[in-house]
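In the working numbering, the protein residues as written are 46 to 562.
Every residue gets a Cβ at the ideal spot worked out from N, C-alpha and C, and that includes glycine.
Since this is a predicted model, take the numbers as computed values, not measurements.
Single-structure report; data block below.
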Ligand SMILES: [Zn+2]
């Protein structure tokens, strides 16, 4: 049995971990390595979909494995395989499945390039959230996680096949945490006029004879799952991304107990946030943000990470407790609807009276028009936000900030930043830009990082809870599970593992080099 970390060995995200045992080949996640991608690309400079796999191979963004990628992304004028820029040999394998831990693109995005027919095994909630993200995003060849749009070559360039002749092709997803619902309307429908060759959700407990177990865990996106696979060498456990300090921290603890019972030979664990000794919990964020909203007599704008439904529901509760309504974008409604179909604890937004929809002034996609029609009496215009700002908490992010020109809030409105620190130069520049907007509208910033350091000052801390486990909590998790070896991924702090795990038990992965167990 061997494990090869093709990506995620020394970066935050991009996990692509190949497990090979008795002729069975599985990946734990197949995400985008944004660290590497951002070395070459940015917002408007992106891989060229018209050249298919060429850009991805030339820049070393995909593992050199023949037979796993979409044939429709190869191009006639270049042998893309001659362009691989990686220091290790090309292998040919039959890939039997991807175990997808959650729907963040640094774990899921590059599934887009896998050939149709390879099963994606995940939780029902992750399947639905991944589909909602794809449905509500602009068409993008790095976001074809749930279904792909066939490409055809014309004059050496790839383009999407005509929507009348080339239906989308849904990937075969299998869920391992519950039986899929019998009415799969959402799963089988597309929000565009293109048809789709559908693939029913299945339930599975093994892949090619290897038993698989799934455990729900706490992370900053619903549906996050840890996996265990029983191999000829014993159980291999993979944490995905997780933490103990969210509102669902009990799930991570229950996972640790259940994984312990398997006496695993290996634990592949994340280590994003191990520098932190203590965590700000979601409950603390709730308490601090509640105080700010209570003290404001004007509009409050809440800025938090996209798809962080836990934070969205935190602000929904705060708004309700302060006699306000939460105003969200059509994308959030779409995502909430999908999550509520998969997770009974999420109230469907159409039945949640505390949630209203922001009426944007732009051309709409048809799925957005459907939402505006369904929420006809519950749409809030910029004009209404200006007139009665104190009745609302508006969910916005930096990328919506030009909408402020329409909202034109009264001076003294609050901008509550409830998102992660600025980690790099680009993000610090965006914070400085955001501050210019707030100054222009005389808004009061709360929780914003300092544009010089990227970190919030002491008085501005406590408005964001990280999605990732702290160092002490991770050591407790490892101690509880008691694996034969520990393989850290999704981290840049290997020193933490060297100084806390006995040398005989630690296997530091090296990109593309198999670890044999
Ligand atoms: Zn994540």
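(message) Comparing C-alpha positions only, which one of 534, 205, 541 and 509 sits nearest to residue 566?
(response) As shown, the chain starts at 46 and ends at 562. That puts residue 566 outside it, with no answer to give.
(message) Using the three-state DSSP reduction, which class does residue 394 fall into: helix, strand or coil?
(response) Here residue 394 corresponds to residue number 349 of the chain shown, with the count starting at 1. Reduced to three states, the DSSP call for residue 394 is helix.
(message) Using C-beta distances below 6 Å, list every residue in its chain close to residue 420, excluding the 5 sequence neighbours before and after it, in chain order.
(response) Taking the chain shown and counting its residues from 1, one reaches residue 420 at position 375. Excluding sequence neighbours, residue 420 sits near 402.
(request) Could you check what DSSP says for residue 540 in three-state terms: helix, strand or coil? (result) As a first step, residue 540 is located in the chain shown; it is residue number 495 there, counting from the start. If DSSP states are grouped into helix, strand and coil, residue 540 belongs with the helices.
(message) If you reduce the DSSP assignment to three classes, tell me which class residue 170 lands in.
(response) Position 125 of the chain shown holds residue 170. Note: residue 170 maps to helix in three-state DSSP.
(message) Given the structure, does residue 263 come close to ligand 1, in the sense that its CB is under 6 Å from one of the ligand's heavy atoms?
(response) Your numbering for residue 263 matches position 218 in the chain shown. Every heavy atom of ligand 1 is 6 Å or more from the Cβ of residue 263, so no.
(message) For residue 239 and residue 95, I'd like the C-alpha separation in whole angstroms.
(response) Position 194 of the chain shown, counting from 1, holds the residue named residue 239. Position 50 of the chain shown, counting from 1, holds the residue named residue 95. Approximately 20 Å, taken between the alpha carbons.
(message) Nearer than 6 Å: is that true of the beta carbon of residue 141 relative to any heavy atom of ligand 1?
(response) Position 96 of the chain shown holds residue 141. Answer for residue 141: no, Cβ out of range of ligand 1.
(request) Taking the CB atoms as reference points, tell me whether residue 367 and residue 338 lie closer together than 7 Å. (result) Counting from one through the chain shown, the residue named residue 367 turns up at place 322. Counting from one through the chain shown, the residue named residue 338 turns up at place 293. Against a cut-off of 7 Å, the Cβ pair of residue 338 and residue 367 comes out as a contact.
(request) Enumerate, from N- to C-terminal direction, the unbroken alpha helix (DSSP H) stretches of 4 or more residues contained entirely within the region 139-213. (result) 150-153 and 169-180
(request) Compute the Euclidean distance between the alpha carbons of residue 480 and residue 494, then round it to the nearest angstrom. (result) One-based indexing of the chain shown puts residue 480 at position 435. One-based indexing of the chain shown puts residue 494 at position 449. Answer to the nearest angstrom: the Cα atoms are 10 Å apart.
(request) Spell out the partners DSSP gives residue 440 in its beta bridges. (result) As a working note, residue 440 is residue 395 in the chain shown. Answer is 347.
(message) Classify residue 468: buried if its beta carbon has 16 or more other beta carbons within 10 angstroms, exposed otherwise.
(response) Start at 1 with the first residue of the chain shown, and residue 468 comes out as number 423. Exposed: under 16 other Cβ atoms inside 10 Å.
(message) Using the three-state DSSP reduction, which class does residue 500 fall into: helix, strand or coil?
(response) Within the chain shown, numbered from 1, the residue matching residue 500 stands at position 455. In the structure shown, residue 500 sits in coil (DSSP, three-state: anything other than H, G, I, E or B).
(request) Keeping to the same chain, check which residues put their C-beta closer than 6 Å to that of residue 499; ignore five residues upstream and five downstream. (result) Within the chain shown, numbered from 1, the residue matching residue 499 stands at position 454. Correct list, in chain order: 466, 467 and 473.
(request) Tell me, please, whether the region 529-545 touches the region 314-323 by the rule of three or more beta-carbon pairs shorter than 8 Å. (result) yes
(message) Using 8 Å for Cβ pairs, my map puts residue 233 next to residue 243. What's the rounded Cβ distance?
(response) The count along the chain shown starts at 1 and reaches residue 233 at position 188. The count along the chain shown starts at 1 and reaches residue 243 at position 198. Rounded, the Cβ-Cβ distance is 5 Å, consistent with contact.
(request) Could you tell me the boundaries of the alpha helix (DSSP H) in which residue 379 lies? (result) Within the chain shown, the letter at position 334 stands for residue 379. Start and end: 375-387.
(message) Please tell me whether, using a cut-off of 6 Å, the distance from the CB of residue 149 to the nearest non-hydrogen atom of ligand 1 is below it.
(response) Taking the first residue of the chain shown as 1, we reach residue 149 at position 104. Answer for residue 149: yes, Cβ within range of ligand 1.
(message) One question on the structure: do residue 162 and residue 310 come within less than 7 Å of each other, judged by their Cβ atoms?
(response) Stepping through the chain shown from its first residue, residue 162 is reached at position 117. Stepping through the chain shown from its first residue, residue 310 is reached at position 265. Taking 7 Å as the Cβ cut-off, residue 162 and residue 310 do not qualify as a contacting pair.
(message) Within 10 Å of its beta-carbon, does residue 444 have 16 or more other beta-carbons around it, so buried, or fewer, so exposed?
(response) Mapped onto the chain shown, residue 444 falls at position 399. Exposed, by the Cβ-count rule.
(request) Could you please give me the residues that DSSP links to residue 359 through a beta bridge? (result) If you number the chain shown from 1, residue 359 lands on position 314. Looking at the DSSP assignment, residue 359 forms no beta bridge with any residue, so it has no partner.
(request) Taking only heavy atoms of ligand 1 into account, decide whether any of them is closer than 6 Å to the Cβ of residue 52. (result) Start at 1 with the first residue of the chain shown, and residue 52 comes out as number 7. No, since every heavy atom of ligand 1 falls outside the 6 Å radius drawn around the Cβ of residue 52.
(request) Ignore the nearest five residues each way along the sequence and tell me which others in residue 483's own chain have a CB closer than 7 Å to its CB. (result) Along the chain shown, read from residue 1 onward, the residue named residue 483 stands at position 438. Excluding residues within five positions, the ones whose Cβ falls inside 7 Å are 460 and 490.
(message) DSSP three-state label for residue 46, please.
(response) Here residue 46 refers to the residue found at position 1 when the chain shown is read from its first residue. Residue 46 falls in the coil class under three-state DSSP.
(request) Consult DSSP for residue 493 and reduce its assignment to one of helix, strand or coil. (result) Walking along the chain shown from the start, residue 493 turns up at place 448. Looking at residue 493 - three-state DSSP - the assignment turns out to be coil, as it is neither helix nor strand.
(request) Please report how far the alpha carbon of residue 272 lies from the alpha carbon of residue 74, in whole angstroms. (result) Here the question's residue 272 lines up with position 227 in the chain shown. Here the question's residue 74 lines up with position 29 in the chain shown. Taking the straight line joining both Cα atoms gives about 11 Å.
(request) Note the first and the last residue of the continuous beta strand (DSSP E) segment covering residue 126. (result) The residue you call residue 126 lines up with position 81 of the chain shown. From DSSP, residue 126 is part of no beta strand (DSSP E); its letter is neither H nor E.
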